[in-house]
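Q: Numbered according to my numbering, the sequence shown spans residues 1457 to 1839.
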Amino acid sequence: MGGAGQRGECDSCRRGEFANCRHQEQTGATADGGYADSGYAEVVYARTSGLVHVPDEVPPAEVPPAEAAPLLRAGLSAFSGLQRIGARPGALVAVQGIGGLGHPALQYARGREPVRRGIGAGRPRGRIIGMVDVVFFDLDGTLVDHRRAAFAAIGGIVGGATEAVGSAGPAGSAGSVAELAAEWWALEARHMWEYLDGECSFTEQHRRRARAFLPLLGEPVSEDPAALDRWIAERYLPALEESWQCYADVLPCLEALGRMPGRRPRLAVLTNGDPGQQRAKLDRFGLAEHFEAVLTPTELGAAKPAAYAAACRRMGTVPERAANVGDMLPTDVTAAAAAGLTGVWLDRGVDFVTGGPSPVAEPSVLRIEWLTELPELLAQMGS
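(1) Since I believe GLY1714 is in contact with ARG1720 (beta carbons under 8 Å), could you give me their beta-carbon distance rounded to a whole number of angstroms?
(2) Count the other CB atoms, across all protein chains shown, that sit within 10 Å of the CB of GLY1597; report buried if there are 16 or more and exposed otherwise.
(3) Give me the residue from GLY1772, PRO1521, GLY1799 with the minimum Cα distance to SER1820.
(4) Classify ASN1780 as buried or exposed, calling it buried when 16 or more other Cβ atoms lie within 10 Å of its own Cβ.
(5) Alpha carbon to alpha carbon, how far is GLN1452 from GLY1558?
(6) By DSSP, does TRP1700 sit in helix, in strand, or in coil?
(7) Quick check on DSSP: helix, strand or coil for ALA1817?
(8) Start and end of the alpha helix (DSSP H) containing THR1659?
(9) Using 10 angstroms around the beta-carbon of PRO1532, count the other beta-carbons present and answer buried if the total reaches 16, otherwise exposed.
(10) Are there 16 or more other CB atoms within 10 angstroms of the CB of THR1787, so buried, or fewer, so exposed?
(11) Less than 7 Å separating the beta-carbons of THR1727 and GLN1734?
(12) Using a 10 Å radius around the Cβ and a threshold of 16 neighbouring Cβ atoms, would you call GLY1805 buried or exposed?
(13) In whole angstroms, what is the alpha-carbon distance linking ARG1769 and ARG1603?
(14) Report the option in VAL1789, ILE1613, LEU1636 whose CA atom is closest to the CA atom of TRP1687.
(15) Which one of THR1828, LEU1684, LEU1693, LEU1710 has the shortest CA to CA distance from ALA1724?
(16) Between which two residues does the alpha helix (DSSP H) containing ILE1613 stretch?
(17) Which runs of the beta strand (DSSP E), 3 residues or longer, sit entirely within the stretch 1709-1784?
(18) With a Cβ-Cβ cutoff of 7 Å, do TRP1640 and PHE1669 count as a contact?
(19) Use the C-beta contact count for SER1657: other C-beta atoms within 10 angstroms, 16 or more gives buried, fewer gives exposed.
(20) Looking at GLY1611: is its Cβ nearer than 7 Å to the Cβ of ALA1637?
(21) Can the beta-carbon of CYS1702 be found closer than 7 Å to that of PHE1747?
(22) Where does ARG1471 fall in DSSP's three states?
(23) Considering just the uninterrupted stretch of the alpha helix (DSSP H) at VAL1633, what are its terminal residues?
(24) Evaluate VAL1514 with the Cβ neighbour count: other Cβ atoms within 10 Å of its Cβ, from every protein chain shown; 16 or more gives buried, anything less gives exposed.
(25) Rounded to a whole number of angstroms, what is the C-alpha to C-alpha distance between ALA1517 and ARG1544?
(26) If you draw a straight line from the C-alpha of SER1697 to the C-alpha of VAL1809, how long is it?
(27) Measuring only the C-alpha atoms, how far is LEU1756 from ALA1682?
(28) Where does ALA1550 fall in DSSP's three states?
(29) Between PHE1607 and GLU1776, what straight-line distance do the alpha-carbon atoms span, to the nearest angstrom?
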């Protein structure tokens, strides 16, 4: 401030907080309406405690002092930047670098209530800084181990759930129990996407799976759709439901989210599964009470990833204030981010579709290995 104030007498100065000096005068103006020296002078005298040295590695020819100096005044630089871009409430403001200027920029943006994105250099990069209003949870592979249940169900159907790979399957089958379970899983992926793409109903995708799978068991395929429905209802679904397992980190996570101080995010399940079956899973493990809504293609009229926008509207929020947590990197994280949400990848160490190792994610992806890490991550995002 050119030495106009900072007498070293007030409490702030004695603590070394010279910027908060009670006697501080502003350059260019004084209390009586006049002008203080040094505001726009070519040469000034100032205390060394009020100066910052521009490194010698920054040649004046490339970065003139007049351009470098505003960078040292974080508050004014950030505030003026927001003024100049005309950020209105609801606008998306990206602040690259959460440092001396980035922190006040985020605070000024919060005061104006636009949407904020803080892009830092640490790990993980690309973290959104701001309050998350709604957290959507995927269900299968995130809350309930559907893959293990499907393999166990088929194993039970063919009479060898615990048989080792290579063991003989039933008479007339195409291979071992493990091979048959893998084939069923592939059929589920294929025909489930046909349902999600609107090519058939949920019931019909079950029938298509049964038509393709029964010959592998050496069983006849009826032309009567009702017979296929009975096979699914009487043989597959009971075995599947009996094999459902909730991951051990789910309830501790949901309970911790319920204890978060301040304004807690609202929780909802966003799943591509059948609404009745998915709600039954939540009821089985006492999870339903933690969620405000269970959203499926039946309610939203679309499946993920197209369902993200509809899900946000249903919950009365905007994508920029919503997060989606799931184990499927392409559909739960990448697609969610493309829709404007914060995607959080729950990496359980196995690829849900192939059963192989987890895919490799970009460094910018928000990744957790346990759901119990989620509350802390959300707290950091809202800090």
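Here a beta-carbon is modelled for each residue, glycine too, at the ideal position from N, C-alpha and C.
Since the structure is predicted, the reported quantities are computational estimates derived from the model, not experimental observations.
A: Working from what's here:
(1) 7 Å
(2) buried
(3) GLY1799
(4) buried
(5) Since the displayed the chain opens at 1457 and closes at 1839, residue 1452 lies outside it and no answer follows.
(6) coil
(7) coil
(8) 1658-1669
(9) Looking at the sequence itself, residue 1532 is Leu, so the reference to Pro does not match. By the 10 Å Cβ count, LEU1532 comes out exposed.
(10) buried
(11) yes
(12) exposed
(13) 30 Å
(14) ILE1613
(15) LEU1710
(16) 1602-1613
(17) 1722-1726, 1749-1751, 1778-1782
(18) yes
(19) exposed
(20) yes
(21) no
(22) coil
(23) 1633-1652
(24) exposed
(25) 36 Å
(26) Here the sequence assigns Glu to residue 1697, which means Ser is not the residue at that position. Answer to the nearest angstrom: the Cα atoms are 20 Å apart.
(27) 28 Å
(28) strand
(29) 37 Å
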